[in-house]
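Numbering (this note's numbering), first residue to last: 1 to 221.
Shown next, in structure tokens, is the structure this report addresses.
In structure tokens:
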């Protein structure tokens with residue numbers, strides 16, 4: 001059967017978006033984020049300037065083009081967790097799955113080494129990363145609240161989200177430091193999980209006695 005027009009347009013749009021992203025990433029890696037313009041990206045990708053902006057409203061979005069995938073992975077970990085598993089346990093298990101069963105969308109840590117180095121070389125990207133972290137904390141807090149049926153302004157949810165984000169950020173950056181120094185993927189994986197494990201112990205202690213550190217009341221017994 002011929003491909004439906006809507007599906008064909010969607011597929012072509014996704015292909016164009018990915019092609020623009022690939023070109024932009026290559027230029028950013030080669031020359032640094034701040035030295036590449038939108039016009040240069042459009043020319044290299046053989047598209048118009050407005051086509052770039054139709055897919056990526058901000059230049060920083062071209063670099064952090066997998067932000068939605070990271071958010072979706074965290075939400076899926078909460079939504080699809082096994083019966084009797086707390087929200088914190090589900091997010092802890094997600095970190096181990098990313099190492100034990102790598103997802104092509106999150107290649108840790110050798111493939112992302114150049115990515116991190118490029119981001120650290122740009123004040124604009126570092127500022128955007130901080131904003132993304134804050135947005136992720138707000139999203140995660142809202143998801144936790146919805147998951148356990150708490151009120152949207154529950155301070156425990158915001159505490160949990162902030163502590164989880166801090167633990168993940170530190171574990172990720174320390175693993176990258178180690179990989180950059182020694183090019184040892186096993187060592188980087190080990191330090192990442194070691195810090196995640198210790199960090200999540202702290203999060204669980206801080207949230208002890210709340211609905212976030214034990215199975216949700218909404219879960220079947």
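Don't be surprised by glycine CBs; every beta carbon is placed ideally from N, CA and C.
Same chain only: Cβ atoms within 8 Å of residue 118, ignoring 5 sequence neighbours per side: The count along the chain shown starts at 1 and reaches residue 118 at position 118. Result list for residue 118: 28, 29, 32, 33, 63 and 125, in chain order.
Endpoints, the alpha helix (DSSP H) within which residue 203 is located: As a working mapping, residue 203 is identified with position 203 in the chain shown. Membership of residue 203 in the alpha helix (DSSP H) is indicated by the continuous run 185-206.
Start-end ranges of the alpha helix (DSSP H) lying completely within the stretch 85-147, minimum 4 residues: Segments of the alpha helix (DSSP H) lying fully in the stretch 85-147: 87-100 and 113-120.
Residue interval of the alpha helix (DSSP H) (run including residue 162): Here residue 162 is taken as the residue at index 162 of the chain shown, counted from 1. For residue 162, the uninterrupted alpha helix (DSSP H) run begins and ends at 155-182, by DSSP.
For residue 65, the nearest candidate out of 145, 35 and 14 (CA to CA): Walking along the chain shown from the start, residue 65 turns up at place 65. Residue 14 is the option with its Cα nearest to residue 65.
Exposure label - residue 20; buried when at least 16 CB within 10 Å: As a working mapping, residue 20 is identified with position 20 in the chain shown. Classification for residue 20: buried.
Where residue 226 sits in the DSSP three-state scheme: Because the chain spans 1 through 221 in this model, residue 226 falls outside it and cannot be assessed.
Where residue 61 falls: helix, strand or coil (DSSP): For the purposes of this step, residue 61 is identified with residue 61 of the chain shown, where counting begins at 1. The three-state secondary structure of residue 61, taken from DSSP, is helix.
Local conformation of residue 34 per DSSP, three classes: On the chain shown, residue 34 is found 34 positions in, with the first residue counted as 1. DSSP places residue 34 in helix when its eight states are reduced to three.
C-beta contact flag for residue 203 and residue 163 at 8 Å: Walking along the chain shown from the start, residue 203 turns up at place 203. Walking along the chain shown from the start, residue 163 turns up at place 163. Yes, Cβ-Cβ distance for residue 203 and residue 163 is below 8 Å.
Status (buried if at least 16 other CB within 10 Å, exposed otherwise) for residue 189: Your numbering for residue 189 matches position 189 in the chain shown. Label assigned to residue 189: buried.
Pick from 178, 88 and 102 that is closest to residue 157, judged by C-alpha positions: As a first step, residue 157 must be located in the chain shown, where it is residue number 157. That would be 88, whose Cα lies nearest to the Cα of residue 157.
Among 136, 176, 179 and 147, the one whose alpha carbon lies nearest that of residue 166: Walking along the chain shown from the start, residue 166 turns up at place 166. From the listed residues 136, 176, 179 and 147, the smallest Cα separation to residue 166 is found for 136.
Counted within 10 angstroms of its Cβ, other Cβ atoms place residue 92 as buried (16 or more) or exposed: Taking the chain shown and counting its residues from 1, one reaches residue 92 at position 92. It is buried - the Cβ of residue 92 has at least 16 other Cβ atoms within 10 Å.
For residue 37 and residue 4, the rounded distance between their alpha carbons: As a working mapping, residue 4 is identified with position 4 in the chain shown. As a working mapping, residue 37 is identified with position 37 in the chain shown. Approximately 36 Å between the Cα atoms of the pair.
Unbroken alpha helix (DSSP H) run spanning residue 68, endpoints: To locate residue 68, count along the chain shown from 1; it is residue 68. That run of the alpha helix (DSSP H) goes 67-79.
Residue span of the alpha helix (DSSP H) that contains residue 49, given as start and end: Position 49 of the chain shown holds residue 49. Unbroken alpha helix (DSSP H) run through residue 49: 49-55.
Short Cβ contact (8 Å threshold) for residue 192 with residue 94: Sequence index remark: in the chain shown, residue 192 carries index 192 (1-based). Sequence index remark: in the chain shown, residue 94 carries index 94 (1-based). Not in contact: residue 192 and residue 94 (Cβ atoms no closer than 8 Å).
Sequence-distant residues of the same chain with beta carbon closer than 7 Å to residue 210, five excluded per side: On the chain shown, residue 210 is found 210 positions in, with the first residue counted as 1. If we look at residue 210 and ignore the five residues flanking it on each side, its Cβ neighbours are 156.
Same chain, Cβ closer than 7 Å to residue 180, five either side skipped, listed in chain order: Taking the chain shown and counting its residues from 1, one reaches residue 180 at position 180. Within the same chain, Cβ atoms closer than 7 Å to the Cβ of residue 180 are found at 113, the five residues on either side in sequence being excluded.
C-alpha gap between residue 160 and residue 196, whole angstroms: The sequence position of residue 160 within the chain shown is 160, counting from 1. The sequence position of residue 196 within the chain shown is 196, counting from 1. Approximately 14 Å between the Cα atoms of the pair.
Residues near residue 99 by beta carbon distance below 8 Å, same chain, minus five either side: Start at 1 with the first residue of the chain shown, and residue 99 comes out as number 99. 108, 189, 192 and 193, listed in sequence order.
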